[in-house]
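The block underneath contains the structure these notes are about, expressed in structure tokens.
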Amino acid sequence: MVKPPLPALNDIEGSKVPGSFPLIVDAHVHVFPEPIFKSIWKWFDKYGWPIRYKFRTATVLDFLLSRGVGHIVALAYAHKPGIASELNRYMANKCEQFPQKVTGLATVFPGEEKSEQILRAAFDAGLGGVKLHAHVQCFDMNSEEMDIIYDLCSSQQKPIVMHVGREPKIDGYSCDPYLICGVKKLETVIKNYPGLKICVPHFGMNEYLSYKRLIEKYDNLWLDSAMVLTDYFPNNESFQLNEMRMDRIMYGSDFPNLPFAWDRELKWIHKTRLPDKFLERFLGKNAIDFFSLPKS
Ligand SMILES: [Zn+2]
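As structure tokens, this is what we get:
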């Protein structure tokens, strides 16, 4: 189990992505209006880890794109009912400022009034899926209130990125992720919604091997690598990246909410010397498929 607060690493950051890499899609980047960003950073500094990049949204996006990231999937999440529409409008507006380079996902607070209308409006505004975070939003992924979201995403062919792994379990959350998250609960969703594309971030931290098996078994589940390939969190189960199902894993950084260099994970991947075909899929192609991104 992770025991935060965790330390800052003063590792050196690169000025570019490794030169030999194919197209990189960063499938996990956070953007928020500044006041929300500020309270998230304050919360992380206290309960999680010190945030190294306290940038506002435009700087977050510029920073990665100018260093060679080809496309960004931007995520926000509503931590309470009543703010999702505003966050979604904010997201759509930021995406418009980076045409063809940034794809934003919508958010909704599960169970809030007019969930369906909130998401329909977000999709109409061009947002490309939904981001949910069980630790922050305290939802049970098998509860009835989730069906509205799963049904709409299935029928509109919009993917869901949902943090439903149990870790990092942080004291500052108001619910216990070990009670509401878990691989079995997710498997129920996958089976009930075979047409719904789901991505679980952080390789499902910390049930890595169970998630590895789950992507082998089902074609509607993907995983992202955010913060996992960095040796930062204690790893209770070790797994080999190149033994994971090649078409179901995506690179993601979790930028800017990082306690280490923005390219720490990319350096780790570079050092691991994966086959070209694997790299191409993991760094870009799988995210293009999952989020239906523009191909260039
Ligand atoms: Zn994240």
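Numbering (my numbering), first residue to last: 58 to 353. Idealized CB from N, CA, C, for every residue including glycine. What you are looking at is a predicted structure, and each value in this text was computed from that prediction instead of being measured.
Could you please give me the residues that DSSP links to residue i through a beta bridge?
| i | result |
| --- | --- |
| K188 | V218 |
| I306 | L280 |
| T160 | V130 |
| I255 | I217, L278 |
| F312 | V86 |
So, at 7 Å on beta carbons, what are the nonlocal neighbours of residue i in its own chain, with the 5 sequence-adjacent residues on each side left out?
| i | result |
| --- | --- |
| F335 | N299, M303 |
| I247 | I255, Y275, N277, L278 |
Are the CB atoms of residue i and residue j nearer to each other than 8 Å?
| i | j | result |
| --- | --- | --- |
| G309 | D83 | yes |
| D276 | P258 | no |
| H85 | A283 | yes |
| F296 | K328 | no |
What distance in whole Å lies between the Cβ atoms of residue j and residue i, which are believed to be in contact at a cut-off of 8 Å?
| i | j | result |
| --- | --- | --- |
| P225 | P61 | 6 Å |
| R305 | N343 | 7 Å |
| H192 | P138 | The Cβ separation is near 17 Å, so there is no contact. |
| K158 | H128 | 6 Å |
| K242 | M203 | K242 to M203, Cβ: 10 Å. No contact. |
| T160 | V130 | 5 Å |
Kindly list the residues whose CB is nearer than 8 Å to the CB of residue i, restricted to its own chain and excluding five residues on each side of it in sequence; keep chain order.
| i | result |
| --- | --- |
| H190 | Y134, M219, H220 |
| A178 | S142, N145 |
| C356 | Only positions 58 to 353 of the chain appear in the structure, and residue 356 is not among them; the question remains open. |
| E264 | G222, R223, G239, V240, E294 |
Within a Cβ cutoff of 6 Å, which residues of the same chain sit near residue i, ignoring the five residues on either side of it in sequence?
| i | result |
| --- | --- |
| E91 | R113 |
| D311 | H85, A283, M284 |
| I227 | P61, Y104, G105 |
| Y207 | Y250, L253 |
| S267 | V240 |
| T164 | A133, Y134, A135, A141, L144, K188 |
Beta strand (DSSP E) segments (min. 3 residues) lying fully within the region 74–157: You should have 82–87, 128–132.
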